[in-house]
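Position 154 of the sequence shown, counted from 1, bears residue number 154 in full-length UniProt numbering, the numbering being contiguous throughout. Even for Gly, the Cβ is constructed at its ideal location relative to N, Cα and C. Keep in mind that this is a model prediction, so the values were computed, not measured. Have a look at the structure below, then the notes.
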Amino acid sequence: MVIVQMANERHVQGIVDVCTRAYRITSQDFLTKEYIDRRCEEFFNEKRVHKEVTEHSPYWGGYFVALEGACVIGTGGGGMTGQETGELFVLYIEPDRRNEGIGSKILQAITEQQKGLGAKEQWVSVQKDNALGIPFYEARGFIFQKETQSYESNLEDNAISLRYKREI
Ligand SMILES: CC(C)(COP(=O)(O)OP(=O)(O)OC[C@H]1O[C@@H](n2cnc3c(N)ncnc32)[C@H](O)[C@@H]1OP(=O)(O)O)[C@@H](O)C(=O)NCCC(=O)NCCS
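Put into structure tokens, the structure is as follows:
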């Protein structure tokens, strides 16, 4: 049975592992190895994730985890970016556990949290050409808004983000 709950310190290593594996596999076809390495190092390290599971605010609501027993098989988190605006910052499922409804469950938990803080709309950035992420967000009602250059990318990285939004 898969349950979704707020992450705690016991889940730090599982979050690092799932995010690193899922991000690398998902991005290898459309981002440079240098960009992927930089992002993994910056975001998916134990020190940073430990801080992110222990320190929450309206701007970062903490990681949610999908657990099977003690094992982390998916994770995600978001925060408020405006009075009535939430953002999904991260969502990754163990690659061989996709399409079982786990991502939707985590997204629902994050959405409930943001609605509780007053969110009426929710945004997400997804890499252009991410053939796994885009159909998922569209299936969950997100609508494409605009294209931007990805976070701290340079032109050689070829990293373009698509901004999506839905009403919640
Ligand atoms: C995107 C991701 C988080 C989704 O999680 P998941 O557990 O696989 O998703 P779910 O099983 O809850 O839902 C999948 C939905 O997407 C839809 N979907 C998936 N692939 C699709 C495709 N190629 N075409 C149309 N719809 C598709 C499914 O139909 C399903 O919708 P439904 O429930 O209405 O039928 C997960 O696949 C993942 O980790 N991908 C790699 C990392 C990533 O891209 N993360 C997002 C970065 S911003």
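Just confirm the distance between the C-beta atoms of residue i and residue j, as a whole number of angstroms; I'd bet it's less than 8 Å.
| i | j | result |
| --- | --- | --- |
| T85 | A119 | 6 Å |
| I106 | F64 | 5 Å |
| T20 | C40 | 5 Å |
| Q114 | A159 | Between A159 and Q114 the Cβ distance is about 26 Å, and since that is not below 8 Å, they are no contact. |
| V2 | A70 | Going by Cβ atoms, the distance from V2 to A70 rounds to 13 Å, so no, they are not a contact pair. |
| I36 | R24 | 6 Å |
Who are the Cβ neighbours of residue i in its own chain at under 6 Å, not counting the five residues just before and after it?
| i | result |
| --- | --- |
| H56 | G62 |
| E123 | Checking the displayed sequence, the identity of residue 123 turns out to be Trp instead of Glu. Cβ neighbours of W123 beyond the five flanking positions: E87, K165. |
| V90 | G76, G77 |
| W60 | G79 |
Apart from the five residues on each side of it in sequence, which residues of its chain come closer than 7 Å, Cβ to Cβ, to residue i?
| i | result |
| --- | --- |
| F136 | G103 |
| E9 | H50, V53, T54 |
| P58 | G79, M80, L117 |
| residue 169 | Because the chain is modelled from 1 through 168, residue 169 falls outside the range shown and cannot be assessed. |
| G141 | R166 |
| Q83 | G118 |
Run through the DSSP bridge pairs and tell me what residue i is partnered with.
| i | result |
| --- | --- |
| V124 | L88, Y164 |
| T26 | The partner list for T26 (beta bridge, DSSP) is empty, contrary to what the question assumes. |
| T111 | Note: T111 sits in no beta bridge, so no partner. |
| G76 | F64, L91 |
| V16 | Answer is none; V16 lacks a bridge partner. |
| M6 | F64 |
| G116 | DSSP output for G116 lists no bridge partner at all. |
| T148 | S161 |
Compute the distance between the beta-carbons of residue i and residue j, then report whether it is under 8 Å.
| i | j | result |
| --- | --- | --- |
| E94 | I73 | yes |
| I15 | A7 | yes |
| V18 | Y92 | yes |
| I168 | E100 | no |
| V4 | A109 | yes |
| F30 | D129 | yes |
To which residues of the same chain is residue i closer than 8 Å at the C-beta, ignoring the five residues directly before and after it?
| i | result |
| --- | --- |
| R98 | L132 |
| residue 173 | Lying before the first or after the last residue shown, residue 173 is absent from the chain, which here runs from 1 to 168. |
Query raised in the report: Where in the region 34-71 do unbroken runs of the beta strand (DSSP E), each at least 3 residues long, occur, reported from the N-terminal end onward?
Result: Segments of the beta strand (DSSP E) lying fully in the region 34-71: 63-68.
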